[in-house]
Each structure stands twice: as structure tokens, then as C-alpha cells.
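4 protein chains.
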Amino acid sequence: MIIVVRPDATEEQINHIIKKIKDHGLQAHVSKGTERTIIGAIGDEAILQSLPLEAIPGVEKVLPILKPFKLASLEFRKEKTIINVCGQQIGGKRIAVMAGPCAVENKTLLFEIAQEVKKAGANFVRGGAFKPRTSPYAFQGLEEEGLKYLAEARERTGLPIVTEVMDPRDIDLIAKYADVLQIGARNMQNFRLLKEVGLCKKPILLKRGISATIKEWLMSAEYIMSGGNHNVILCERGIRTYETATRNTLDLSAVPVLKQMTHLPVIVDPSHAVGKWDLVAPMAKAAIAAGADGLIIEVHSNPEEALCDGEQSLKPRSFKQLMEEMKPIAAAVGREI
Amino acid sequence: MIIVVRPDATEEQINHIIKKIKDHGLQAHVSKGTERTIIGAIGDEAILQSLPLEAIPGVEKVLPILKPFKLASLEFRKEKTIINVCGQQIGGKRIAVMAGPCAVENKTLLFEIAQEVKKAGANFVRGGAFKPRTSPYAFQGLEEEGLKYLAEARERTGLPIVTEVMDPRDIDLIAKYADVLQIGARNMQNFRLLKEVGLCKKPILLKRGISATIKEWLMSAEYIMSGGNHNVILCERGIRTYETATRNTLDLSAVPVLKQMTHLPVIVDPSHAVGKWDLVAPMAKAAIAAGADGLIIEVHSNPEEALCDGEQSLKPRSFKQLMEEMKPIAAAVGREI
Amino acid sequence: MIIVVRPDATEEQINHIIKKIKDHGLQAHVSKGTERTIIGAIGDEAILQSLPLEAIPGVEKVLPILKPFKLASLEFRKEKTIINVCGQQIGGKRIAVMAGPCAVENKTLLFEIAQEVKKAGANFVRGGAFKPRTSPYAFQGLEEEGLKYLAEARERTGLPIVTEVMDPRDIDLIAKYADVLQIGARNMQNFRLLKEVGLCKKPILLKRGISATIKEWLMSAEYIMSGGNHNVILCERGIRTYETATRNTLDLSAVPVLKQMTHLPVIVDPSHAVGKWDLVAPMAKAAIAAGADGLIIEVHSNPEEALCDGEQSLKPRSFKQLMEEMKPIAAAVGREI
Amino acid sequence: MIIVVRPDATEEQINHIIKKIKDHGLQAHVSKGTERTIIGAIGDEAILQSLPLEAIPGVEKVLPILKPFKLASLEFRKEKTIINVCGQQIGGKRIAVMAGPCAVENKTLLFEIAQEVKKAGANFVRGGAFKPRTSPYAFQGLEEEGLKYLAEARERTGLPIVTEVMDPRDIDLIAKYADVLQIGARNMQNFRLLKEVGLCKKPILLKRGISATIKEWLMSAEYIMSGGNHNVILCERGIRTYETATRNTLDLSAVPVLKQMTHLPVIVDPSHAVGKWDLVAPMAKAAIAAGADGLIIEVHSNPEEALCDGEQSLKPRSFKQLMEEMKPIAAAVGREI
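Protein chains in written order, with my numbering: chain D, 12 to 348; chain W, 12 to 348; chain L, 12 to 348; chain Z, 12 to 348.
Written out as C-alpha cells, the structure reads:
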């Protein structure tokens, strides 16, 4: 860590900073430049990162050298993590495609959609049983009943199930039925929830918060991993910007940035990012070209009657076409679909 | 609700849109303009707000007329809500000032700070026992022990206590000790938590999410109110923007905007917004001038040793000075401190 | 245009709004709903868009129905615009690839890079002679001397030249040497400059402003087109968000959004968007997959000595490899490279 | 400047970095920590700031120690700059209040408004003769005729005139009539314009770009100052965020931040920031409380007929009332109005 000293700092203030560093077991290395004095703290930077060094008189700014996450970093683990779920892989050569309705609405519809996405080549079925909704007056999900339908959909299709968990009290219940637990964007910094899914045995799909930096997102993965669960899948789903032409702004550059920072697999959710079904296909293709390990896409047989997010859902036919169109793109980047 | 029809929509598509509106019990009013046909849906707009009308072929865009929240709106309740907590008011003539350390670190320190802020004129003591921290390796709070110290600080000072709740399972415990329960920015859309504090009898201080619109924030208040708890205090604490000179960007215009939309009291947290202690005083003054009903300010006797947010904490002496300096500003806007 | 009336508006205020609409030659259509009265203004909406209707007492909000741009819209021209420049096309089947150094630094270097990018398959040479720099102390470009080198590079390679214009007074000079004039992101709303390039005969490459909405961007294209120059190429180059891991956030969804709004060709500048050379290739591929009509990429033989933007420049060898890797992706979306 | 070396950098790469630093006349100081090697470059950092050090193999990141601006910095000049304009001051004890219509529309209206704002206590008259408009079809200003009216308004009121310059070719003309030249938000990085107003003798009011960081804004001030014109007034006018309840988000914390970074006076434009007349007064008061040196406020006698920005203009009566209400707030922060 580098501490830049204010030009008007007194000798006494500088000595106080040095003492503080040494008191925490690190070495202090002072370097007087032409315009500023800087102090390098040598040793375990993690100790200093939790101290409010900027509150010390005479400090102008503090420049950390190391990243604040460890288990999630490429330095901790050099090979890419590949997560195996009931015979399917996430992070391997084959692109993981998770598809299904935003919410589980009823049995028939779910089974129909599940069959369709399987036929089109998806390797996971997604569907929400517990739904985070902006309005308290909107449909909140079928809860355990929905989980049962999802489990039955797995029986019928052989595909593993991805579903969201919103409350630490539901983890055991959901883990009983589902294969991958999703943490939604709004809960990316629900630290209690992160800690507890860290104790769970199922892989966790961690969506990026709507205004989370990539660093904060990796810190949230670190929360889960520090509990012992290293099977974390990162999911970019659009960030909030000033632009209103799309629901959010899909930050596809997060994919190659993450590949330089972490060994965890990275997938993309184009549906929530754009918020309009006719923009999903180009962004799904772009995600594959950018190097994503997978996609999560909303599919509904009758979008205009969907209880949730109908405007961004593909019909099965469009989804099937997209799957076909993505094949040569996957091949072009050394993957398959 | 107004539905704008695409210029290339067929007669059949238009009839389908009209049918859909009527099927939900509303009237459809068609108006053909020179360049666009628009359809007005007359009746209970709330029914339509939950439908994915943009998924219907032929629809160009959907323009809602009404706000999606009710209980929180000025139309529902015309007089300003004043919340009474153990003899103190929030939303009344006197500015509510909540002050104290970011986290409860130990008994002695808390009592010392509580006494100091009381002497300076604060009317609430704040302090965190359960702390949401970006890093899993950082101090996470003293939990129940911290709550006990807070309750004891109330005994000693006579001031009500404000503290954060992060997990639905802690609500009963925290409500036993505290007078106002705070929902932090990261949990503004933790809907399960909102629902359950809606069943609680204690007032809820609801911080604005770091990238929440004012509408979404009021929808979160609506979640709490729809559970029966109408004592919600809104707290602006800075939003995330591209500017890095401050920790967040304090959106003070939210104060007068909210005064035009809701009857709920609005307070401001300058400490988290700016993130640097020497910027707190000007922004606290500005908040009062903009019409805020209160402030929540971090105060610590020894910021450079604070376990949390030391760089943004005022020392008791600076806090006392600020309280003095705000008096004429409060008077200038018809309030007192 | 729809005018939503405040619930507390008086009959007199409503009549005043109606009168105002009629005074401007439009018809007013009043519709009283259960909770709000709305007034539809039927006729030429452009007239109303310039009026401050929200300043009229009793008006709650104004909802425009039509887009504010015309010449740039798909409704004005249904077929895609293809721009021909010295035998090269922008907007046709073949992807337009513009490559070269950020700034023209000297003759030898420019010629060397121009030859390299030509060999790799680029169809335009880019290079700045007039440079907008954040610091007044940084290299500002070779000006006319640089233009002469660019023209000579065209002679040697046969490729058309793209270069930036920053000042209305330089248009004639630059148009004498260059084939495509670029308006940089910082000048996207330099309306004087837009007006004057609208009178120029050369195609204009209009970069998106760092915080411009897609609508504002199209309004800037409209400025140029309303002067008579319909050969406008839109260039997405990243927008400003809170994320600092990349220089800007590349908004690739702008590509399919624009395809639904305008007939103008859309290209992408991954270099300025990401700001780091090793992130350029994945985003260039993603841009093609998303449907972009072209790319503009910074290439430099010796990036660490570049006078401008070296950190985001590809070496010729990496550029060549990228060109090869993009071929199957272009083919997958029905294009060629 | 601190250069952090990648953990996998070779000895050869490190030596190359050191050589590069020495080649530019600085000293290189290498420090090997437990997890990273860092290299401090000691000497004139400005030399290095223009080099693409991140393009050098083996470099992980580059941390600048110094600010990139000089003339605008508090280190260059410790006392606050006070600008004198025809007997009025900006940056002195008295708050500078600039008021008037968005655009000069006609003689009578301008004179009427100018008289009203003078009576209310304003000390400058503002009004646009050259108007930057998002649409090419909107009113673009009266140009020289408008300037003449402004000059006549100065004769009648005795108040100095503030008006916008958009094009380097208009500087001489505008400087002939006006007392303060305004650079609008959209031209904050129109570097040609900045350079040329730097040669002008009149004070320059430099508005913050809609998405400019405070540092970039000061770099634009530096452009003007490096030309010899040190009379620059900074004007915060709202930044672009995701929030749509206001036109922009007024970043009032920029005021105290700037006071720690620069000697230049800082004023605030609440009208453009909020975009609605009934939000102007609270934000004007907040600006004074935050320490602003002045305000620029739009006033119009008949907002609903204004040719520009009527929805955000105060009527003379509201402006007068605001002026009265701000007096005790100004007094509370040691200023007068």
C-alpha cells in the first residue's frame, strides 16, 4: 500500500503515519520526491485495507497495490474452474445455455417450455419460484409448489434446474429441489444470504448487482467462497446507466475483464440486460463472441400473457433459431453449443 | 395508460390490443392521429401495469399515466407524516439529528460518543451492531452484544436508538432493543426483509439504494407500508455516479422532489454520501437548506482507529460546531435544531 | 402528444391548456379517466415539442408520442443507407474496418502502419492530425502536415482516409485531404461544427458522446443531415458509467437498437471503449456478432512509444490475427470481412 | 508516479521499465514487496503522465501521485481568486447572482426581466444570444441582435452581462458586447474554443460538462488559464445520472471538493440541474449553504411562452422571494446577498 503525504504535512504527522504502519506489523518505507513524500507499507496489505488511513492527519490519499479478493483471483487458482452439474458443465468447452420462463406460472406451461428449450439444445432449465418484484402488488411466485414443478421438469427433460433464492431461510428448501441456486442482482450484496449459500453444497449463480463494480462483484463471490463453496458462476446481466433505450446496459467487456481477474466461469443474461425480446438474439451472439461461458435466456410460449417479464421473453421458435445461429459463432471462438 | 401503436401495425393487431384491454375489464379508447394511432386504456391502471403489453405485436410503446405507489403518495395522505419516537419527532418542526459511530465497537467508546452527541444537541443515537461489509474479512459487528450496549446508551442519554437490520431473522431481536430499525442501501430491494419489517411496530429508516430511482425507493416504502407499518423515514445517502472525488454523489434534489410526491419524512446522510469527514459539514448544511427533515451523521472520538468508516466520521468537537452552525440555516427555512 | 393533467387542476387551467394547443393549430382531445384527465394534442407534434408545456399551471407531465428526429429515422427512409467512399462501402455486406494510429506522429511510422493494416485486410486508414487532448500540455497533432502524410498514405495503399475535425474553420482544409471526416465524442453536441459539416460533401463519421443517449445522438445526426449531407456513419465508442475497470463501457446493445430506429450505418470503436489493448479483440468480435457494419481500431507498431493512446493500440501482428478470427463470425451473421 | 509490476513479470521486463523511466530523465526506485514489486519514478511526473506506461509488458497498473493541473490548483495559488467585473465581484464576500432569461427573445422582454432581477438584488444579467439546441429545428438565438439588446440592458440596469459563446469565430464579437463569456456544458471539452477564450481579456464562466469529472473540469480550466486568462469561474450545473425525476443531478458536493482543490470561484446553476421551476428555490438555498460563491438562475416573465427552457424558469416574483429567503442562509455561512 502506498500512502501519499500532503505537501503541508508536518514531520510529526509523517512520524505518526509511520508508527501506525509499524504498530500493525508492517514495514514503512519513506520516499521523498520533488513534490510529494510517499510512504510504502510493506507486508500484509490486508491488515491495512481495513484501517481508515485517510482519517489520519497529513494523509492525502491511499493507493492500494493488491486486489481485495483472494479465493476468487487468478493468482489463487490459475486453471479455469469448470463446474459439473448432473452431467452438464459450466466453464468447459461447451457453452452452458440456461433457458426457461422468468417465473414458474403453472405445471403445464413449465413442462411445455422445458421440453421446447431442451429440443432446441439448452442444457439447463431456469424458472423462478420465489420472485423479487419491484411492486408489492405484483405476482410473487408459486414458492414450494413452483419448486416441485421444477423438479418434475428435471425428471421429464433430464436437464438440471436453476432457480433463485432470496432469503437465507429458504436455502435448504430450494437446495432440496434445485441444482443451481441463483442470487439475483438485487441481493448481490445481501451479505447474510451470501454467507449462508457459502455453506451450501450446490453451485451458486451470482448475478452482478445493477450498479456493482467488477471488484465488488468479485468480493461477493469471495463471501460465498470464504464459506467453503467454491462453485460460483458469475452472471453479467446489465448495469444501470443513463441510457433508457434498453432496460439496462449490457457490459459485455466485463467478460474479458473477468477472464483476466478470476478463474470462475462467466455467463451472460441478455434478456434482463436489454428488456426487449427483439434485442436478445444479437446480444446473445455478441456474448458468445466476447468469450462468455454460457447464457441464461428467458423463453415463454405466450409472452403477452406472462406473469413476469413477458416483453423480454423469446418464443420457443425464436429461441431455437438463435441456438442454431450461435453455433458457428461458438465454433469461431473455439467453443461448441 | 396510453398504448402507442406502431405505424405498420395491422387492423388485426390493433383489434387484438383492444380486446386484451377489454378482457381485463378496462375500456379502450382509440384515437387516430396523423402519424400514429394511440389507444387509451381507461379504468384501473394497476391491472395493466402488471401486464407485458410491450410483448403484444403492433405495440410501439406503453406510457403509464399514474404512479405505481399508493400508500406512500401525497394523494393517499395529504398531510405530512410526523413520526413520534420516545418523545422525539421525525418530520416535525425540529430537525431530527441522529448521530453516533458507524459500528458499535465497545461499551466505553459508545457511551462516550453517545454523551457527546447528546450534549451537542443530537436527538437520536445511531450505531451498527450488524454490519454489512463489502469484504468477508472485515469486522462484521458485535451483534446482540452491540444491541445491549445501544440499549444501555439509551438509558444513559435518554435518546432513542437507530440501528440496522440486515436479515429477517434478526428483526424481533433488534426490535427488542432499538427504537428505529434501519434498512441499509444494499437491502433497499431485499423484498423479504421489507415485507417483514412491514409487520413490525417500530419505525423504519429506509435508505435509498445506491442506484435506485426515487420511484423504486418509494415502491420499497410501499412494500413496508402495505404490510401495515406506515412509519417509514426515507434517507437519501448518495447515489452511484461516474464521479470518484466523493464516495457517492449526494442527490439533494431528491429532497424537494420527494416533498412533491410523498407525505413521508425525508432525512439525509451526508457521511456516507461524501465519504470524507471534511466534506460532511457543508453537505449537512445544504441538506437543511434544501428542506430535509433530519440528518444522520457519523461521529467517532478517534476516527483513525475506527473499525468502520473512520475517514468519514466527525470528531465530537466538529460535530458540536456543525450543530451550532446549522441553527441559523434551520431558522431560515422555518425549522429548528 | 399526451398532456397529463394534475388531479387538482381547475376547469380554468384545463381550458387554458386546450386553448394553448388550439392556438398552435392543433386539435385538443380531452379524455377524463377515473384518476386523471388527459389531453391529446392531434396534429403536427413538432410544433408542440418546442413549447414548454410543463410550465403551464395544471400540467403534471407531457408524454411525446413521436421521435424528435426525422431524416435519420427508418420512417423517412426504409432501406439501409450504404455509403460509398473511393470504392469502399460502409453499410454494405462487407464489414468496413478502419485501422491506424491514434495520432499521425511522423511519415515513416504512418506509412508503415498503413501498409500493415492494408495487408491485414483493413479497408480504411485512420489517423488523427488534429487531436482533442484532455491536457493542454499533451501532444496536439501535426495539423496540416499530418493531413499531407495521410493523403500520401492513401496514395500508397489505395485506402480511403478517416480523420477528425474539431473546428469549423478546419473543415475545408481537412476535406481537401481526407475521405471521411470524423466528429469526436466530445464534439457530438458542438452544434456549429455539426451544421457546417452538414454543408460538406464528404461522409461524416459521428462518434457518440460519452454520455449521450441514443436519441440525442440521432438528433446530432439530424443536424448534419438537415444541412444536406445525408452520409452519416454512427460510431459507438463506449459511454461513461461508474465502472472503472475499462476506460468506458461499450454499449453494444446500441447496435441493434439503432438498427430499429435508423437507416444509417453503425460502426463500433472497441479501442476507445475498453482503453486496454488486450480487451480490444473480444469486443471487436462481439461488435460484429451484434450486427455492426464496421469497426474502427487503433493500431501502432510501437505502442509503448505512442504519443497518444498507446495502451489501447494493437500491434500489427495482433490486428492481423484479429482480422482472421473475425472472418467466421462475420460469415455467421451473413457478412464478410 | 508508482508503477505496479505484474507478479509474473520477468527480470528483463522490469529492467526495461526502469530503463524507460531513466531515459526520460527521472530516477527509478525499485521496491520488492511480499506480493508485488513496485517501481517509483522520482522527478517531473508530468513527463511520465503523457507516456503510455500501461502499454509496456510487465506493467500491471500505474498510479499517479500528482494532480494533472497546475495553474488551477491551490498549490499554485493559495489565496482565493476574486474576479472583478464592472464593479461587481465573483468570489468575494457577496454572493454573485446572475439572473435572466435562457434566451434573449426580444428587446422589451429582456429589458423588463433585467429590471426585475436588478430590483430583486441580482448583480449580473444573463441571457443567450447564441443557443446550443438539441434539435436543429428549435430556436437558435438572435445572434448579434441579441448581443446588442444585452448591451442595452447593461446600460439600463448598470449590471454586467453574461452570455454564451459556442464558436471560436464569435469570440471577438461577443467580447465586444458582453462582460463575462460563458462556455456551456456541451463545449467544456471543445478544446479549440477553450484555447481561444484563453487569449481573451474577459472572464470566462466555465460550466461543467454533463458527464465531466471534477478533474477533467479543472483540466479544461487549465486550458483557458494556460492561454493567459486566469479569470475562470467554475459553474456546477448538474451531471447526468440514471435518475430521471430531475433533468440532471445537481452535484453540490462538487462545491466543497473544489474549495479543497482550486482557488477559482465556484457558482451553481440550479435551473439547468433540476429542470423544473418549483425545485429551483430549495437547490439555490442548498448551494449557498454548501459554500457556493454565486448562482446563475433563469428568470422569465412568461415562462409558458418562453422560446427556451420555460419549464425551469422562475417568474420575477418567485425570484424576488427566493432572494429574500437566501439572505439569512448567506449570513449563516459568513456571506451576504
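Quick reminder that beta carbons are idealized off the backbone N, C-alpha and C, glycines included. Treat the numbers as computed from the prediction; the structure is a model and nothing was measured.
Might you give, ordered along the chain, the residues of its own chain that have their beta carbon closer than 8 Å to the beta carbon of residue i, omitting 5 neighbours on each side?
i: L85(W); result: Q271, M272, T273 and H274
i: K89(L); result: H274
i: S312(Z); result: L120, E123, I124, E127, K326 and P327
i: K91(L); result: G102, H274 and P276
i: A300(W); result: I340, A343 and V344
Run through chain W and tell me which residues come within less than 7 Å of residue i, C-beta to C-beta.
i: N198(D); result: N201
i: G321(D); result: P63 and A66
i: P147(D); result: E233, Y234 and S237
Who are the Cβ neighbours of residue i in its own chain at under 7 Å, not counting the five residues just before and after it?
i: N118(W); result: Checking the displayed sequence, the identity of residue 118(W) turns out to be Lys instead of Asn. So the qualifying residues of the chain are Y160.
i: G111(L); result: I124, A125, V128, V136, R137, G138 and V310
i: A303(Z); result: V266, V277, I278 and V279
Please name the residue, chosen from the options, that lies closest to residue i on a Cα-to-Cα basis.
i: T45(Z); options: G51(D), T45(D), E46(D) and K43(D); result: G51(D)
i: Y148(D); options: V108(W), K206(W), L184(W) and I172(W); result: K206(W)
i: V41(W); options: G36(L), I32(L) and I53(L); result: I53(L)
i: R258(D); options: N242(D), D280(D) and A186(D); result: D280(D)
i: N242(W); options: M177(W), G249(W), P214(W) and G103(W); result: P214(W)
i: E156(Z); options: A131(Z), A189(Z), D178(Z) and F135(Z); result: A189(Z)
i: I14(L); options: I76(W), I307(W) and T174(W); result: I76(W)
i: Q60(D); options: K33(D), M236(D), R47(D) and L74(D); result: L74(D)
i: R17(W); options: G321(W), A39(W) and P68(W); result: P68(W)
i: Q36(L); options: E56(L), C319(L) and R165(L); result: It is worth fixing the name first, because residue 36(L) is Gly in this sequence and not Gln. Comparing Cα-Cα distances from G36(L) to each of E56(L), C319(L) and R165(L), the minimum goes to E56(L).
i: M334(W); options: V291(W), G321(W) and E322(W); result: V291(W)
i: K142(W); options: E247(W), D178(W), K130(W) and D19(W); result: D178(W)
i: K226(D); options: M12(D), K78(D), D34(D) and I28(D); result: K78(D)
i: C246(D); options: V108(D), R219(D), L229(D) and G239(D); result: R219(D)
i: G286(L); options: P63(Z), W288(Z) and K287(Z); result: P63(Z)
So if DSSP puts residue i in a beta bridge, which residue, or which two residues, is it bridged to?
i: Q200(Z); result: For Q200(Z), which the question treats as bridged, DSSP gives no partner whatsoever.
i: T255(L); result: Bridge partners of T255(L): none, in fact.
i: T174(L); result: L192(L)
i: N242(D); result: The partner list for N242(D) (beta bridge, DSSP) is empty, contrary to what the question assumes.
i: T48(Z); result: K43(Z)
i: E247(W); result: V279(W)
i: V16(D); result: V70(D)
i: F135(L); result: M109(L)
Report the neighbours of residue i on chain W: residues whose CB is nearer than 8 Å to its CB, in chain order.
i: T45(L); result: I53, G54 and D55
State the CB to CB distance for the pair residue i and residue j, rounded to an integer number of angstroms; the pair is presumed to be in contact (CB under 8 Å).
i: A317(L); j: V266(L); result: Actually they are not in contact, since the Cβ atoms of A317(L) and V266(L) sit about 28 Å apart, beyond 8 Å.
i: V115(D); j: G98(D); result: Going by Cβ atoms, the distance from V115(D) to G98(D) rounds to 23 Å, so no, they are not a contact pair.
i: V231(Z); j: Q193(Z); result: The residue asked about is misnamed: residue 231(Z) is Ser in this sequence, not Val. At roughly 13 Å, the Cβ-Cβ gap does not stay under 8 Å, so S231(Z) and Q193(Z) are not in contact.
Kindly list the residues whose CB is nearer than 6 Å to the CB of residue i, restricted to its own chain and excluding five residues on each side of it in sequence; keep chain order.
i: F349(L); result: Beyond the ends of chain L as shown, which are 12 and 348, falls residue 349(L); an answer cannot be given.
i: E254(D); result: T260
In chain L, which residues lie less than 9 Å from residue i when you measure between Cβ atoms?
i: Y160(D); result: Result: empty, since nearest Cβ-Cβ is about 32 Å, beyond 9 Å.
Interface residues of chain Z around residue i at Cβ under 8 Å?
i: S84(W); result: Those within 8 Å of S84(W) in chain Z number zero; the least Cβ separation is about 14 Å.
Name the chain L residues whose beta carbon is nearer than 8 Å to that of residue i?
i: M294(D); result: L263, S264, P267 and A301
i: P314(Z); result: P63 and A66
i: S282(W); result: The premise fails here: S282(W) is roughly 20 Å from chain L at the closest Cβ pair, so nothing lies under 8 Å.
i: V15(W); result: I76
Who are the neighbours of residue i on chain L, taking C-beta pairs under 7 Å?
i: R144(W); result: Result: empty, since nearest Cβ-Cβ is about 20 Å, beyond 7 Å.
i: I340(D); result: A300, I340 and A343
Show which residues of chain D have a CB atom less than 8 Å away from the CB atom of residue i.
i: T252(Z); result: Y253
i: W288(W); result: A66
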